[in-house]
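Chemist: Following this message is one structure expressed as structure tokens.
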Amino acid sequence: MRSSGQGCWVLLISVGLCCVHRARPRNVLLILADDGGFESGAYNNSAISTPHLDALARRSLVFRNAFTSVSSCSPSRASLLTGLPQSVVFPGKYKSQSPMGRTCGPVRRGVKDGENLSEDAKSGACEGPASLLAASEWNVRPAPGCPPLQLLRPGAEPATAAGPSWHSHRPFFLYVAFHDPHRCGHSQPQYGAFCEKFGNGESGMGRIPDWTPQTYNPKDVQVPYFVPDTPAARADLAAQYTTIGRMDQGIGLVLQELRGAGVLNDTLVIFTSDNGIPFPSGRTNLYWPGTAEPMLVSSPEHPKRWGQVSEAYVSLLDLTPTILDWFSIPYPSYAIFGTKTVQLTGRSLLPVLEAEPLWTTVFGSQSYHEVTMSYPMRSVHHQNFHLVHNLHFKMPFPIDQDFYISPTFQDLLNRTTAGQPTGWYKDLHQYYYRERWELYDRNQDPHETHNLAADPRYTQVLELLQTQLVKWQWETHDPWVCAPDGVLEEKLAPQCRPLHNEL
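Just so we're aligned: the sequence shown equals residues -25 to -1, 1 to 478 in mature numbering (1 follows the signal peptide of the UniProt record, and there is no 0).
Spelled out as structure tokens, the structure:
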């Protein structure tokens, strides 16, 4: 679950280490969508207008096989900022563990309807991030007398209304994480299922002055294979499109600020999302719709592959190694659990910007999304095969709150109980109750509907992927490595002790 901040929030981390013998410092801009998917022209969706993402894609290497390591908002961010799987990093503690520096706190843009201004902002003073921070509500227009985007580093002079303060002798890492296109119908239903009405200028909705809302006809949206093709789901997708357009325009504003400050051509720009879209088989699942992510990597120093598509299998766990590599910063040596030295399992993506690698394997890990949603899963993509291990396969798959009350899922429930056609590629029983092992050949079965785990013709493939997955679990100190038929006892031998629980 996310906080109620609906505008983008910006986290600025000072790298603090000098770049290596360069006349100008290298910088990084990391842009993150919340529950974003492939709804953009950059990924061949012609039904939606995303001119800024499309322009960024033309200056980027576009990844076709990028995956999150965990299909849940906060754990995904914790993993992204540390380079560590969610079984190692605890959400909420990632700031202190991040190797990329000290955080400066959220910087937000504007306020809602003039409310929640800090005292400094009310007086017109711009004394730092707090002057742009709406105390508890959404941010929809600049605070009086303050610039629209204020970027501060530790010890830097405050920006003025004339523009941001940039110090060319210090590199920066700028993390811009949008709330869009996350759902909000469970918490603020008056703004729509995706908060698509928020800031659109209508009565009671507030107004975002630098956003031109775009609405879409539900008949025109592209319905992904894993979403029911029904009027309710189409309307849901149309609302999602509007918020993606809001994020796209926000991305344009951020890039415009960097361009105007003269630092864009020194900045590595990365765009991706935390997990899959909030629809059936999406977020909270380790199926393809829940873990496959858009990823654009734009390097001013690597124009050779601009506009090209990479088929390499990459993970959000690769972003920390990539950013450290860009800054020529070695990964620190430290331990989290006792004497176990933490090792990154990801790798830098910078070599991919030069030449296509033969990378064919990524791993996934999911334990829970909400406190009542314990359903641990582990997965591995290897070449065209995808293996999912459902540790709690005897239990029904849990449903999170905002997805449960979504128009799409409510319509699916109503159609199922009424015995009407659902327009879906699965049924609820299949969705809730899963086999312990699920093996799919995505070349032959891209929708992952034919489980091959029990097929004797795929025994060798199953065993290979199981071996890879368990090896990765041991390497990442996964406490679930012995589950569900064993318990981990590290001081005993063997470490996996049998439970004799008939599994």
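The C-beta atom is built at its ideal place from N, Cα and C for all residues, glycine as well.
Given a cut-off of 7 Å on the beta-carbon distance, is the pair E345 and D375 in contact?
Modeler: Working through the sequence shown from its first residue, we reach residue 345 at position 370. Working through the sequence shown from its first residue, we reach residue 375 at position 400. Yes; because the gap between Cβ atoms is below 7 Å, this pair is in contact.
Chemist: What residues match up with V284 in a beta bridge as DSSP calls it?
Modeler: By one-based count along the sequence shown, residue 284 stands at place 309. Its beta-bridge partners are V37.
Chemist: Specify, as a first and last residue, the run of the beta strand (DSSP E) that D185 falls within.
Modeler: On the sequence shown, position 210 is the one that residue 185 refers to. Per DSSP, D185 belongs to no beta strand (DSSP E) and is neither H nor E.
Chemist: So if DSSP puts P60 in a beta bridge, which residue, or which two residues, is it bridged to?
Modeler: The residue you call residue 60 lines up with position 85 of the sequence shown. DSSP, once it has assigned bridges, lists no residue as partnering P60.
Chemist: Are the C-beta atoms of P(-1) and some chain C residue less than 7 Å apart?
Modeler: Looking at the structure shown, chain C is missing, and only one protein chain is on hand.
Chemist: Is it buried or exposed, V284, if we count other Cβ atoms within 10 angstroms and call 16 or more buried?
Modeler: On the sequence shown, position 309 is the one that residue 284 refers to. Answer is exposed; the Cβ neighbour count stays below 16.
Chemist: Which runs of the beta strand (DSSP E) fall wholly inside the stretch 272 to 346 and span at least 3 residues, in chain order?
Modeler: Counting whole runs of 3 or more residues, the stretch 272 to 346 contains the beta strand (DSSP E) stretches 284 to 290, 336 to 341.
Chemist: Where DSSP assigns a beta bridge to R472, which residues make up the other side?
Modeler: Your numbering for residue 472 matches position 497 in the sequence shown. According to DSSP, R472 bridges with V462.
Chemist: To which residues of the same chain is K315 closer than 7 Å at the C-beta, ignoring the five residues directly before and after it?
Modeler: The sequence position of residue 315 within the sequence shown is 340, counting from 1. Answer for K315: H452, listed in chain order.
Chemist: When you compare the CB positions of A8 and S248, do they come within less than 7 Å of one another, or not?
Modeler: Position 33 of the sequence shown holds residue 8. Position 273 of the sequence shown holds residue 248. Taking 7 Å as the Cβ cut-off, A8 and S248 qualify as a contacting pair.
Chemist: How many Å lie between P373 and L366 at the Cα?
Modeler: In the sequence shown, residue 373 corresponds to position 398, counting from 1. In the sequence shown, residue 366 corresponds to position 391, counting from 1. Roughly 13 Å separates the two Cα atoms.
Chemist: What separation, rounded to the nearest whole angstrom, lies between the Cα atoms of C(-8) and L149?
Modeler: Counting from 1 along the sequence shown, the entry for residue -8 is found at position 18. Counting from 1 along the sequence shown, the entry for residue 149 is found at position 174. Only weak support exists for where C(-8) lies, its pLDDT of 40 falling under 50; the value from the coordinates is given anyway. The straight-line gap from Cα to Cα measures roughly 16 Å.
Chemist: Quick one: any contact between the stretch 217 to 227 and the stretch 167 to 176, if contact means 3 or more CB pairs under 8 Å?
Modeler: At 8 Å Cβ cutoff, the stretches touch.
Chemist: Go through its chain and collect everything with a Cβ distance to N192's Cβ below 8 Å, but skip five positions before and after it.
Modeler: Counted from its first residue, the sequence shown places residue 192 at position 217. Cβ neighbours of N192 beyond the five flanking positions: A213.
Chemist: Taking all protein chains shown into account, do 16 or more other C-beta atoms lie within 10 angstroms of the C-beta of H475, making it buried, or fewer, making it exposed?
Modeler: Residue mapping note: residue 475 aligns to position 500 of the sequence shown, counting from 1. Per the 10 Å Cβ criterion, exposed.
Chemist: Taking a contact to mean a Cβ-Cβ separation below 7 Å, would you say A32 touches A17 in this structure?
Modeler: Taking the first residue of the sequence shown as position 1, residue 32 is located at position 57. Taking the first residue of the sequence shown as position 1, residue 17 is located at position 42. Contact: yes.
Chemist: Which word fits T190, buried or exposed, when buried means at least 16 other C-beta atoms lie within 10 angstroms of its C-beta?
Modeler: Within the sequence shown, numbered from 1, the residue matching residue 190 stands at position 215. Per the 10 Å Cβ criterion, exposed.
Chemist: Can you give me the C-alpha to C-alpha distance between T335 and I183, rounded to a whole angstrom?
Modeler: Residue numbering aside, residue 335 sits at position 360 when the sequence shown is read from its first letter. Residue numbering aside, residue 183 sits at position 208 when the sequence shown is read from its first letter. One C-alpha to the other measures close to 43 Å.
Chemist: Compare the beta carbon distance of residue 493 and N389 with 7 Å and say whether it is the shorter of the two.
Modeler: Here the chain comprises residues numbered -25 to 478, so residue 493 is not present and cannot be evaluated.
Chemist: Tell me which same chain residues have a C-beta within less than 7 Å of the C-beta of W301, skipping the five on either side of it?
Modeler: Reading the sequence shown from its first residue, position 326 is the one you call residue 301. Only R1, V3, L243, L325 meet the Cβ criterion.
Chemist: Just reading off the beta strand (DSSP E) that A365 is part of, what are its end residues?
Modeler: By one-based count along the sequence shown, residue 365 stands at place 390. Before going on, a small fix: residue 365 reads as Asn here, not Ala. 360 to 365 is the extent of the beta strand (DSSP E) around N365.
Chemist: Keeping to the same chain, check which residues put their C-beta closer than 8 Å to that of F360; ignore five residues upstream and five downstream.
Modeler: For the purposes of this step, residue 360 is identified with residue 385 of the sequence shown, where counting begins at 1. If we look at F360 and ignore the five residues flanking it on each side, its Cβ neighbours are L414, Y415, D416, R417, V436, L440.
Chemist: Just to confirm the assignment, what range does the beta strand (DSSP E) spanning I6 have?
Modeler: Walking along the sequence shown from the start, residue 6 turns up at place 31. 2 to 8 is the span of the beta strand (DSSP E), which, as asked, contains I6.
Chemist: Using only CA atoms, which one of R209, G257, Q358 lies nearest to F201?
Modeler: The residue labelled residue 201 in the question sits at position 226 within the sequence shown. The shortest C-alpha separation from F201 is found at G257.
Chemist: By DSSP, does I219 sit in helix, in strand, or in coil?
Modeler: Numbered from 1 along the sequence shown, position 244 holds the residue referred to as residue 219. Three-state DSSP puts I219 in a helix.
Chemist: Could you give the first and the last residue of the continuous alpha helix (DSSP H) run that contains F378?
Modeler: What you label residue 378 is simply residue 403 of the sequence shown in a count that begins at 1. That run of the alpha helix (DSSP H) goes 376 to 379.
Chemist: Which two residues bound the contiguous alpha helix (DSSP H) that contains R158?
Modeler: Taking the sequence shown and counting its residues from 1, the one referred to as residue 158 is at position 183. No alpha helix (DSSP H) contains R158, which DSSP labels as neither H nor E.
Chemist: Given H277, which residues of its chain have a CB within under 7 Å of its CB, disregarding the five upstream and five downstream residues?
Modeler: In the sequence shown, counting from the first residue as 1, residue 277 sits at position 302. Taken in chain order, the residues that qualify are L328, E329.
Chemist: What does the alpha-carbon distance come out to for the pair G235 and W281?
Modeler: Mapped onto the sequence shown, residue 235 falls at position 260. Mapped onto the sequence shown, residue 281 falls at position 306. Going by the C-alpha atoms only, they are around 22 Å apart.
Chemist: Going by DSSP in three states, A236 sits in which element: helix, strand or coil?
Modeler: Along the sequence shown, one-based indexing puts residue 236 at 261. Residue state, collapsed to three classes: coil.
Chemist: Taking the DSSP output, what are the residues bridged to T247?
Modeler: If you number the sequence shown from 1, residue 247 lands on position 272. BP columns for T247 point to L7, M270.
Chemist: Have a look at F38, A22, I245 and flag the residue whose alpha-carbon is nearest the alpha-carbon of V289.
Modeler: Along the sequence shown, one-based indexing puts residue 289 at 314. The candidate whose alpha carbon is nearest that of V289 is F38.
Chemist: From P199, S274, L319, V355, pick the residue whose C-alpha is nearest to that of D293; which is it?
Modeler: As a position in the sequence shown, residue 293 is number 318, starting the count at 1. The shortest Cα separation from D293 among P199, S274, L319, V355 belongs to L319.
Chemist: What is the DSSP secondary structure of R411, reduced to helix, strand or coil?
Modeler: The sequence position of residue 411 within the sequence shown is 436, counting from 1. In this structure, R411 counts as coil in the three-state DSSP scheme.
Chemist: Taking DSSP's pairing of strands, which residues face S354 in a bridge?
Modeler: Taking the first residue of the sequence shown as 1, we reach residue 354 at position 379. G339, V363, per the DSSP bridge assignment.
Chemist: Would you decide whether N19 is buried or exposed? Buried here means 16 or more other CB atoms lie within 10 Å of its CB.
Modeler: To locate residue 19, count along the sequence shown from 1; it is residue 44. That one is exposed.
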